[in-house]
Amino acid sequence: MAVLHYDSCHPGRWRLEPPTQGNTFTILGLVLTGVGLACTATGFILMMF
């Protein structure tokens, strides 16, 4: 019998292993996404002047 674990960070995802907290790739992805969004917003603002 397999034990399923519910991932509270990602609703709708069930896993066979317990979810890990503080994954390095997740943190790196969030940082890079934030930097990309900031650069995009800055580019649009500078384009208006």
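Mapping of the sequence shown onto full-length UniProt numbering: residues 1 to 49, in sequence order. Virtual Cβ for every residue (Gly too), placed ideally from N, Cα, C. Note that this is a predicted model, so its numbers are computed, not measured.
- Where the alpha helix (DSSP H) through Cys9 begins and ends: Element bounds for Cys9: n/a, residue is neither H nor E.
- Query: What are the residues that DSSP puts in a beta bridge with Arg13?
  - Reply: BP columns for Arg13 are empty, so no partner.
- Message: Whole angstroms are fine: how far does the CA of Trp14 sit from the CA of Val3?
- Response: When only Cα atoms are considered, Val3 and Trp14 end up about 10 Å apart.
- Query: Where do the N-terminal and C-terminal ends of the alpha helix (DSSP H) with Met47 fall, by residue?
  - Reply: First-last of the alpha helix (DSSP H) with Met47: Thr24 to Met47.
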